Amino acid sequence: MKKLFILSSCLLYLSCSTVCFADDVISESDLFTPQEIQQWENEALDKLEEAPIVFDKEENDLAKENSATISGINGKKLGTWSWRDGVICITDSHAKSPLFNNGHAGIVAAAPYYDSVIEANPSDGVQSKYGSWGSRFSGNTVVQLGVKATTVTQDRKAAQWAAKQIGKPYNKSFTNINTRSSFYCSQLVWAAYKDTTGADIGTAAWGTAIHPFELVNNKTQVIYRNRTS
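140 is the number that my numbering gives to position 156 of the sequence shown; each next residue is one higher, with no gaps.
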């Protein structure tokens, strides 16, 4: 577990920055073997593709009335992309370091940012980006998550909070998750729920940093996946 934390924390940092000492540049390959990096990445990506898919909160009551079931390839229903306020978006595409796919996270925006996802990127900080991730990242795995402990109303408040952060810069200090003056992608999503509902959707697996893939855990549930493999 300690080795996993050190590996994942360093990869999270290195994915969006380069550490320089004099004329030397430290990369992932200087710290870890390709086998270690590949093993860690495979384990993280497996969660995106293997987590069971369930009905979203707004769909669940209707499904019970109609005795609907979730079906699909190998029992993994792809579902439908949701524009419900506060739904969490995760993809294995974006923020890639030379050897490691570090993923990306965002939160579906509330009005007036219709049909957009609020996300933090190194190039332009916190912004709303229009279009579904199923289309934007069609060549990669995309999942959407609902938070188990919250209501639809609380999810909307999280989305509204995220919108208030638009224009703030990117946070390159990945262990400083308590700052609210800047954000990285998964920190923004985590903070939106923590500050408005009290729900901590992070885990201890990554120490004090919040990793995009970390948000797929037993506190959330997958409601959409763009593909099964």
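Beta carbons: idealized from backbone N, C-alpha and C, even for Gly.
As the structure is a computational prediction, the values presented were derived from the model and not from experiment.
To the nearest angstrom, report how far apart Asn201 and Ile74 are at their CA atoms. The sequence position of residue 201 within the sequence shown is 217, counting from 1. The sequence position of residue 74 within the sequence shown is 90, counting from 1. Rounded to whole angstroms, Asn201 to Ile74 spans 12 Å at the Cα level.
Length of the line joining the Cα atoms of Gly109 and Pro153: Residue 109 sits at position 125 when you count from the first residue of the sequence shown. Residue 153 sits at position 169 when you count from the first residue of the sequence shown. Taken atom to atom, the span from the alpha-carbon of Gly109 to that of Pro153 is near 4 Å.
Taking one C-beta from the stretch 168 to 180 and one from the stretch 95 to 113 each time, how about it: are there three or more such pairs within less than 8 Å? Yes, the stretch 168 to 180 touches the stretch 95 to 113.
Under 8 Å, with one C-beta from each stretch per pair, do the stretch 27 to 38 and the stretch 191 to 211 reach the 3-pair mark? Segments in contact, yes.
Expressed to the nearest angstrom, what Euclidean distance is found between the alpha-carbon atoms of Arg120 and Asp76? Sequence index remark: in the sequence shown, residue 120 carries index 136 (1-based). Sequence index remark: in the sequence shown, residue 76 carries index 92 (1-based). Roughly 12 Å between the two C-alpha positions.
Please list, in chain order, all residues of the same chain as Gln138 whose beta carbon is under 6 Å from its beta carbon, the five residues on each side excluded. Counting from one through the sequence shown, the residue named residue 138 turns up at place 154. Contacts found: Thr181.
Using CA coordinates, which residue listed in Gly63, Ala133 and Ser112 is at the minimum distance from Val92? Position 108 of the sequence shown, counted from the start, is the residue given in the question as residue 92. If we check each option's Cα against that of Val92, Ser112 comes out closest.
Near Gly130, which residues of its chain fall below 7 Å by C-beta distance, leaving aside the five closest residues on each side in sequence? Along the sequence shown, one-based indexing puts residue 130 at 146. So the qualifying residues of the chain are Asp40, Lys41, Val71, Thr204, Gln205 and Ile207.
If I follow the unbroken alpha helix (DSSP H) through Thr75, where does it start and stop? For this step, residue 75 is matched to residue 91 along the sequence shown. It is not in any alpha helix (DSSP H) - Thr75 instead sits in the beta strand (DSSP E) that spans Ile72 to Thr75.
Helix, strand or coil, according to DSSP, for Thr64 in the structure here? Indexing the sequence shown from 1 puts residue 64 at position 80. Looking at Thr64 - three-state DSSP - the assignment turns out to be coil, as it is neither helix nor strand.
Give me the Cβ distance between Arg211 and Thr135, rounded to the nearest whole Å; I'm assuming they're in contact under 8 Å. Position 227 of the sequence shown, counting from 1, holds the residue named residue 211. Position 151 of the sequence shown, counting from 1, holds the residue named residue 135. The C-beta distance from Arg211 to Thr135 rounds to 30 Å, too long to meet the 8 Å contact threshold.
Using a 10 Å radius around the Cβ and a threshold of 16 neighbouring Cβ atoms, would you call Gly90 buried or exposed? Translated into the one-based positions of the sequence shown, residue 90 becomes position 106. Flag for Gly90 reads buried.
For Ala89, does the three-state DSSP call read helix, strand or coil? The residue given as residue 89 occupies position 105 in the sequence shown. Correct three-state label for Ala89: strand.
Is the CB-CB distance between Ala176 and Trp145 below 9 Å? Position 192 of the sequence shown, counting from 1, holds the residue named residue 176. Position 161 of the sequence shown, counting from 1, holds the residue named residue 145. Contact: yes.
Cα-Cα separation between Ala188 and Ile194, rounded to whole angstroms: Here residue 188 is taken as the residue at index 204 of the sequence shown, counted from 1. Here residue 194 is taken as the residue at index 210 of the sequence shown, counted from 1. Rounded to the nearest angstrom, the gap between the Cα atoms of Ala188 and Ile194 is 9 Å.
Between which two residues does the beta strand (DSSP E) containing Lys113 stretch? Sequence index remark: in the sequence shown, residue 113 carries index 129 (1-based). According to the DSSP assignment, Lys113 belongs to the beta strand (DSSP E) that extends over Gly109 to Tyr114.
Measure the alpha-carbon distance for Glu33 versus Pro196 and round it to whole angstroms. Looking up residue 33 in the sequence shown gives position 49. Looking up residue 196 in the sequence shown gives position 212. Taking the straight line from one Cα to the other gives about 14 Å.
Tell me whether Ala95 counts as near the ligand NAP, meaning its Cβ is closer than 8 Å to at least one heavy atom of that ligand. What this structure holds is no ligand at all, so the ligand NAP is not there to describe.
Let me make sure I understand the geometry here. Which of Ala143, Ile185 and Gln128 has the alpha-carbon closest to that of Gly63? Looking up residue 63 in the sequence shown gives position 79. Comparing Cα positions, the closest option is Gln128.
What did DSSP end up calling Gln19 once you bin it into helix, strand or coil? Counted from its first residue, the sequence shown places residue 19 at position 35. The answer is helix: DSSP assigns Gln19 an H, G or I state.
From Trp65 to Ala35, what distance separates their C-alpha atoms? On the sequence shown, position 81 is the one that residue 65 refers to. On the sequence shown, position 51 is the one that residue 35 refers to. Cα-Cα distance, rounded: 16 Å.
For Ala147 versus Ala94, is the C-beta distance shorter than 9 Å? In the sequence shown, residue 147 corresponds to position 163, counting from 1. In the sequence shown, residue 94 corresponds to position 110, counting from 1. The answer is yes: Cβ separation under 9 Å.
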